[in-house]
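Asker: Here's a structure for you.
There are 2 protein chains.
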Amino acid sequence: MASPEIEALTQALARLPGLGPRSARRAVLHLLKKRETALTPLLRALETVSTRLSTCSTCGNVDTSDPCAICADPRRDQRSLCVVEEVADLWALERSRLFPGRFHVLGGRLSALEGVRPEDLSVDRLVARLSAGGIDEVVLATNATLEGQTTAHYIAERLEGFPVRLTRLAHGLPVGGELDYLDEGTLAQALRARRPID
Amino acid sequence: MASPEIEALTQALARLPGLGPRSARRAVLHLLKKRETALTPLLRALETVSTRLSTCSTCGNVDTSDPCAICADPRRDQRSLCVVEEVADLWALERSRLFPGRFHVLGGRLSALEGVRPEDLSVDRLVARLSAGGIDEVVLATNATLEGQTTAHYIAERLEGFPVRLTRLAHGLPVGGELDYLDEGTLAQALRARRPID
């Protein structure tokens, strides 16, 4: 029986993945107890992110600038493009610091179950980027799940005819594994051993 | 490798109980993906709580008014006081809607391990409330942990001499508890406190 304001905060937190009603309540109590060290920093961080972040219109990454820092970095290999499902996957690959090129975030994966169709993903923009030329290699770094692989196959079909080398991350990813959960060593091996798509 | 703003938000979230670095990152991605339905409501709720909530100077509850809604409610039994460790415990008892009186939040429990001494809790304020008179019963509703019970004993000693009835929550089998799964301490207490069947 907390006040309506606290209930509203609890419900907003409870909608985050990984938090339920009970853990959200604990988090709220923590925030109320540690106003200066927990509530205020979280509020400031949320404000900053809310006002300053935008989606990169080139690759779909989230950053404070558009184009994002990766797209704007002249030291990145402009000829190599890594296609990932989500921003989380981009971050995971960036943490491994092994991919020198740029990215393309699809914004999801094809899924009959969840009703995600090709037009819901940024495939058209990927095709447009390739049509603009200057790209030699496209690494299809979708998850090693059924949906991720289906998505990779669909994109491979869509990119047929483009003079680019299509590769995918090497086997070595465990079946059902999702990039964001893998350790960097596994990611590194998968990236190093990427192979052409027949 | 997210932007510094995102890293700051991730770290602020990761400090919440129940969230680690990885789950905080997933929560941040969720917030970034669902700006309108997740990030904005959470930001608004935090702002409201941050600006409007204060601690009740009477009982230690957190509310938008001081005294809090419970202390200010004339229908609550003014003669009965329930002493709890944390605001969370007050909320838990309020959810049960069974305690008609008012509360006193200690702000923690005595703990040699965590260095929490009597002067770190609001025991002096509790004594002052009793000295002001008008209270018949004090329910010591601290947790059934070693530290909670130590705290209850300390408070009982401090309240000696006051003309109030000191009680504590009954210990025994929880509703739905199966003997086979309960610890021996609970079983022992349930057996010691066994009561005649009417």
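Chain order of the listed sequences is A and B.
-4 is the number of the first residue of the first sequence in the working numbering; add one for each residue after it.
-4 is the number of the first residue of the second sequence in the working numbering; add one for each residue after it.
Ideal Cβ positions, reconstructed from N, Cα and C, are used throughout, including at glycine.
Determine which residues share a DSSP beta bridge with T50/B and list them.
Answerer: V57/B
Asker: Straight-line CA distance for T5/A to A19/A?
Answerer: 5 Å
Asker: Thinking just about the alpha-carbon of each residue, which of F98/A, S91/A, V57/A and R124/A is nearest to the one in R187/A?
Answerer: S91/A
Asker: Whose CA, out of E132/B, H25/B and T53/B, lies closest to the CA of R160/B?
Answerer: E132/B
Asker: G55/A to T59/B, Cα distance in whole Å?
Answerer: 41 Å
Asker: To which residues of the same chain is V57/A closer than 8 Å at the C-beta, ignoring the five residues directly before and after it?
Answerer: L48, S49, T50, C51, C63 and V82
Asker: Using a Cβ cut-off of 7 Å, pull out every chain A residue sitting near G13/B, in sequence order please.
Answerer: L14, S18, R21 and A22
Asker: Find the residues of chain A that neighbour P36/B, judging by a C-beta separation of less than 7 Å, and give them in chain order.
Answerer: Within chain A, the residues near P36/B are A7.
Asker: Give the interface partners of T59/B over in chain A, defined as CB-CB distance under 7 Å, in chain order.
Answerer: S(-2) and E0
Asker: Taking the beta carbon of R163/A as the centre, do at least 16 other beta carbons fall within 10 Å, making it buried, or is it exposed?
Answerer: buried
Asker: Are there 16 or more other CB atoms within 10 angstroms of the CB of E152/B, so buried, or fewer, so exposed?
Answerer: E152/B is exposed by the Cβ-count criterion.
Asker: I'd like to know whether the C-beta of S106/A is nearer than 8 Å to at least one C-beta of chain B.
Answerer: no
Asker: Name, in chain order, the residues that DSSP records as bridge partners for R98/B.
Answerer: Rather than Arg, the amino acid found at residue 98/B in this sequence is Phe. According to DSSP, F98/B bridges with C77/B.
Asker: Could you pull the start and end residues of the alpha helix (DSSP H) that A122/A belongs to?
Answerer: Checking the sequence, you will find Val at residue 122/A rather than Ala. Boundaries of the alpha helix (DSSP H) around V122/A: V118 to S126.
Asker: To be precise: take each residue of the segment 42 to 67 of chain B, compare its Cβ to all Cβ atoms of chain A, and keep it if any distance is under 8 Å. Which residues remain?
Answerer: E42, T43, V44, S45, R47, L48, V57, D58, T59 and A64
Asker: Please tell me whether A139/B and L88/B are closer than 8 Å, where the distance is taken between their beta carbons.
Answerer: no
Asker: Let me confirm a value: L174/B is counted as buried when at least 16 other C-beta atoms fall within 10 Å, else exposed. Which label applies?
Answerer: exposed
Asker: Could you give the first and the last residue of the continuous alpha helix (DSSP H) run that contains E152/B?
Answerer: L141 to R153
Asker: Cβ closer than 9 Å: which chain A residues qualify as neighbours of V82/B?
Answerer: Chain-ordered, the chain A residues with CB closer than 9 Å to the CB of V82/B read A(-3), L24, L27 and K28.
Asker: What does DSSP give as the partner residues of V111/A in its beta bridges?
Answerer: S106/A
Asker: List the residues of chain B whose Cβ lies closer than 8 Å to the Cβ of A33/A, in chain order.
Answerer: Chain B residues near A33/A: A7, R10 and L11.
Asker: Can L101/A and T146/A be called in contact, C-beta distance under 8 Å?
Answerer: yes
Asker: Quick one: which chain A residues come within Cβ less than 7 Å of L4/B?
Answerer: Those within 7 Å of L4/B in chain A are A40, L41 and V44.
Asker: Can you tell me the Cβ-Cβ gap for C77/A and V134/A, rounded? I've got them flagged as a contact below 8 Å.
Answerer: V134/A and C77/A do touch by the CB rule: their CB atoms are close to 4 Å apart, below 8 Å.
Asker: Three-state secondary structure (DSSP) at K28/B?
Answerer: helix
Asker: Identify which residue in V122/B, E142/B and I192/B has its Cα closest to the Cα of E155/B.
Answerer: V122/B
Asker: By how many angstroms is the C-alpha of L116/B removed from the C-alpha of L85/B?
Answerer: 16 Å
Asker: In whole angstroms, give me the CA-to-CA distance for R71/A and G96/A.
Answerer: Separation of R71/A and G96/A (C-alpha to C-alpha, rounded to the nearest whole angstrom) is 5 Å.
Asker: Would you mind sorting R17/B into buried or exposed? The rule is 16 or more other CB atoms within 10 Å of its CB.
Answerer: Residue environment for R17/B: exposed (fewer than 16 other C-beta atoms within 10 angstroms of its C-beta).
Asker: What is the rounded straight-line gap between the Cα of R120/B and the Cα of L105/B?
Answerer: 16 Å
Asker: Any idea if E109/B is buried or exposed, counting beta-carbon neighbours within 10 angstroms, 16 or more meaning buried?
Answerer: Under this definition E109/B is an exposed residue.
Asker: Comparing C-alpha positions only, which one of R74/A, H148/A and P36/A sits nearest to S126/A?
Answerer: R74/A
Asker: Determine whether the beta carbon atoms of L41/A and L37/B lie at a separation below 8 Å.
Answerer: Cβ atoms of L41/A and L37/B: closer than 8 Å.
Asker: If A33/B sits next to R10/A, beta carbons under 8 Å apart, how far is it from one beta carbon to the other, in whole angstroms?
Answerer: The distance from the Cβ of A33/B to that of R10/A is about 6 Å, consistent with a contact at the 8 Å cut-off.
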